[in-house]
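Contents: one structure, followed by commentary.
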Amino acid sequence: MSKTIFIYAESREGKLRQVAKETLGAAQIIAKEGDTICAFVAGSQITEAVSAILPYGADQVVAMEHADLTHYNPDAYFAAIKVALDQTKPDIVLLGHTAIGRDLAPQVAAYLRAGQISDVTEIDNEDGEAIFTRPLYAGKAFEKRVFESTPAVVTIRPNNIKPAELSETAAPSSVIDIAYPAPSLRTVIKDVVSKATGKIDLTEAKVVISGGRGVKSEEGFKPLEELADLLGGAVGASRGACDAGYCDYSLQIGQTGKVVTPEIYIACGISGAIQHLAGMSQSKVIIAINKDPEAPIFKVADYGIVGDLFEVVPLLTEEFRKVLV
Ligand code: FAD
Numbered sequence: 001m002s003k004t005i006f007i008y009a010e011s012r013e014g015k016l017r018q019v020a021k022e023t024l025g026a027a028q029i030i031a032k033e034g035d036t037i038c039a040f041v042a043g044s045q046i047t048e049a050v051s052a053i054l055p056y057g058a059d060q061v062v063a064m065e066h067a068d069l070t071h072y073n074p075d076a077y078f079a080a081i082k083v084a085l086d087q088t089k090p091d092i093v094l095l096g097h098t099a100i101g102r103d104l105a106p107q108v109a110a111y112l113r114a115g116q117i118s119d120v121t122e123i124d125n126e127d128g129e130a131i132f133t134r135p136l137y138a139g140k141a142f143e144k145r146v147f148e149s150t151p152a153v154v155t156i157r158p159n160n161i162k163p164a165e166l167s168e169t170a171a172p173s174s175v176i177d178i179a180y181p182a183p184s185l186r187t188v189i190k191d192v193v194s195k196a197t198g199k200i201d202l203t204e205a206k207v208v209i210s211g212g213r214g215v216k217s218e219e220g221f222k223p224l225e226e227l228a229d230l231l232g233g234a235v236g237a238s239r240g241a242c243d244a245g246y247c248d249y250s251l252q253i254g255q256t257g258k259v260v261t262p263e264i265y266i267a268c269g270i271s272g273a274i275q276h277l278a279g280m281s282q283s284k285v286i287i288a289i290n291k292d293p294e295a296p297i298f299k300v301a302d303y304g305i306v307g308d309l310f311e312v313v314p315l316l317t318e319e320f321r322k323v324l325v
């Protein structure tokens, strides 16, 4: 029997997020011939996001535009997605394991009376059965789960599932505009004061250069920022660095911070406490720079440099500049 796979194609400020293409990629792994993939785009200005998802091979794009959807508001977004779910009657719903996806997914699962598998990092399709892998105990173990029944809800961790590719052969998706149900909202957002600098989102960055207490000051983050800018990456931090006031808590990576899985993670002056590893140990390549050869970070590092970060980081920047600029 054919099924309908519904993805929430997340956008922010009118722009499609990379995780939307990864969520669509996840749907394409699960789908078999005859299944329908439906992408839901919501926001206050969605023309650009809808156009951006169209060539990636979804069968349908369900679009909803309303001023209430400018910023994420649980009441508004849940009311919006409910209309899309009622219309498409999906068997499987996929969302990014992002701040929005983590809030919305349990509401969707409760509404559909569905089972949920969260924070999925890998999906295998074995003879039509989707097998979802997710990390446990801060990445120390993995479990594989399957659904015994549908509907089913899944959240996927950003930067792990291969994104959908531009499809030259597939027919372009059909776009269905649906009306916002205008629910009464229990809270409204009056204003958003963004701390973001317009730089790359830490959770979506392909390269993360992180500083710890070894960076010693706010000024000490400058060489890390320079290297991150050169590599098109983002700067992160340990809680040690945040607690010491060297940087903002929005940069914290770890158990009580952000979880990142970039292609390259460079840890500078970070000891490698278990709570920090919880947020970065799934990175594809880990490079550690620490002057203590016994620092635990070297146990998870693919490459280790024993040395003073204030010497090593500028040297790396200089060498990368020679090949990149
Ligand atoms: P330190 O442990 O002090 O390490 C500094 C390192 O820098 C040392 O290894 C030192 O050799 C090296 N160093 C110093 N100078 C230089 C230099 N010039 N060049 C090179 N290396 C140098 N931590 C997180 O990171 N994220 C979390 O989300 C988090 N959540 C937590 C939750 C709980 C409930 C608890 C109890 C703790 C949590 N922590 C978290 C804190 C964690 O336990 C560690 O205290 C913290 O990660 C240490 O930060 P650090 O590695 O920067 O500092």
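If you number the sequence shown the way the UniProt record's numbering does, the last residue is 325 and the count never jumps. Ideal Cβ placement from N, Cα and C applies to all residues, glycine included.
Open item on the list: Please classify T47 as buried or exposed, where buried requires at least 16 other C-beta atoms within 10 Å of its C-beta.
Closed with: The residue labelled residue 47 in the question sits at position 47 within the sequence shown. Exposed is the call here.
Open item on the list: Under 6 Å: does the beta carbon of G220 sit that close to some heavy atom of the ligand FAD?
Closed with: As a first step, residue 220 must be located in the sequence shown, where it is residue number 220. Because no heavy atom of the ligand FAD lies under 6 Å away, the Cβ of G220 does not count as near it: no.
- [ ] Determine, using beta carbons only, whether G307 and A164 come nearer to each other than 7 Å.
- [x] Residue 307 sits at position 307 when you count from the first residue of the sequence shown. Residue 164 sits at position 164 when you count from the first residue of the sequence shown. Not in contact: G307 and A164 (Cβ atoms no closer than 7 Å).
- [ ] In the DSSP assignment, find the unbroken alpha helix (DSSP H) run with L230 in it and report its ends.
- [x] Numbered from its first residue, the sequence shown carries residue 230 at position 230. From DSSP, the alpha helix (DSSP H) with L230 extends over K222 to L231.
TODO: Could you tell me which uninterrupted alpha helix (DSSP H) segments, each at least 4 residues in length, are contained entirely in the stretch 231-291, listed from first to last along the chain?
DONE: 239-243 and 274-277
- [ ] Using 10 angstroms around the beta-carbon of L136, count the other beta-carbons present and answer buried if the total reaches 16, otherwise exposed.
- [x] Here residue 136 refers to the residue found at position 136 when the sequence shown is read from its first residue. Exposed, because fewer than 16 other Cβ atoms sit within 10 Å of the Cβ of L136.
Open item on the list: Helix, strand or coil for T133? Go by DSSP, reduced to three states.
Closed with: As a first step, residue 133 must be located in the sequence shown, where it is residue number 133. In the structure shown, T133 sits in a strand (DSSP, three-state: E or B).
Task: Buried or exposed (CB count within 10 angstroms, at least 16 for buried), L324 - done: Residue numbering aside, residue 324 sits at position 324 when the sequence shown is read from its first letter. Flag for L324 reads exposed.
Task: Q282 and G254 closer than 7 Å at C-beta - done: In the sequence shown, residue 282 corresponds to position 282, counting from 1. In the sequence shown, residue 254 corresponds to position 254, counting from 1. Contact: no.
TODO: Measure from the alpha carbon of K100 to the alpha carbon of each residue in E225, E10, M280 and K206, then state which is nearest.
DONE: Start at 1 with the first residue of the sequence shown, and residue 100 comes out as number 100. A small correction: the amino acid at residue 100 is Ile; Lys does not occupy that position in the sequence shown. Closest option to I100, Cα to Cα, is E10.
Task: Of the residues A295, A80 and Q87, the one placed nearest G214, counting alpha carbons only - done: By 1-based counting over the sequence shown, the position of residue 214 is 214. Selected option, being the one with the closest Cα: A295.
TODO: Spell out a yes or no on whether the stretch 171-188 and the stretch 227-244 are touching, meaning 3 or more CB-CB pairs, one atom from each, closer than 8 Å.
DONE: no
- [ ] Provide the residue span of the alpha helix (DSSP H) that contains K82, from first to last.
- [x] Here residue 82 refers to the residue found at position 82 when the sequence shown is read from its first residue. Here the alpha helix (DSSP H) through K82 covers P74 to T88.
- [ ] Figure out for me which residue from L112, L309 and K258 has the closest Cα to the Cα of K89.
- [x] On the sequence shown, position 89 is the one that residue 89 refers to. Considering only alpha carbons, the answer is L112.
Open item on the list: Quick check on this structure: which residue in I289, K140 and S194 has the alpha carbon closest to the alpha carbon of I209?
Closed with: Within the sequence shown, residue 209 is the residue found at index 209, counting from 1. Answer by Cα proximity: I289.
Open item on the list: Would the stretch 52-68 count as touching the stretch 31-41 if we require 3 or more Cβ pairs under 8 Å?
Closed with: yes
- [ ] Tell me whether H12 counts as near the ligand FAD, meaning its Cβ is closer than 6 Å to at least one heavy atom of that ligand.
- [x] For the purposes of this step, residue 12 is identified with residue 12 of the sequence shown, where counting begins at 1. As written in the sequence, residue 12 is Arg, which differs from the His given in the question. No, the beta carbon of R12 sits no closer than 6 Å to any heavy atom of the ligand FAD.
TODO: Assign D91 to buried or exposed, taking buried as 16 or more other Cβ atoms, counted over all protein chains shown, within 10 Å of its Cβ.
DONE: Start at 1 with the first residue of the sequence shown, and residue 91 comes out as number 91. Result: buried.
TODO: At 4 residues or longer, and completely inside the stretch 90-127: list those alpha helix (DSSP H) runs for me, N to C.
DONE: 99-112
Open item on the list: Looking only at its chain, what residues have a beta carbon closer than 6 Å to the beta carbon of A52, apart from the 5 residues adjacent to it on each side?
Closed with: Counting from one through the sequence shown, the residue named residue 52 turns up at place 52. Same-chain partners within the cutoff: L16.
Task: Assumed close pair S167, G115 - CB separation to whole angstroms, cut-off 8 Å - done: Taking the first residue of the sequence shown as 1, we reach residue 167 at position 167. Taking the first residue of the sequence shown as 1, we reach residue 115 at position 115. Contact doesn't hold; Cβ gap of about 30 Å is too wide.
Task: Beta-carbon gap between N160 and T121 smaller than 7 Å - done: Sequence index remark: in the sequence shown, residue 160 carries index 160 (1-based). Sequence index remark: in the sequence shown, residue 121 carries index 121 (1-based). It is a contact, given that the beta carbons lie within the stated cut-off.
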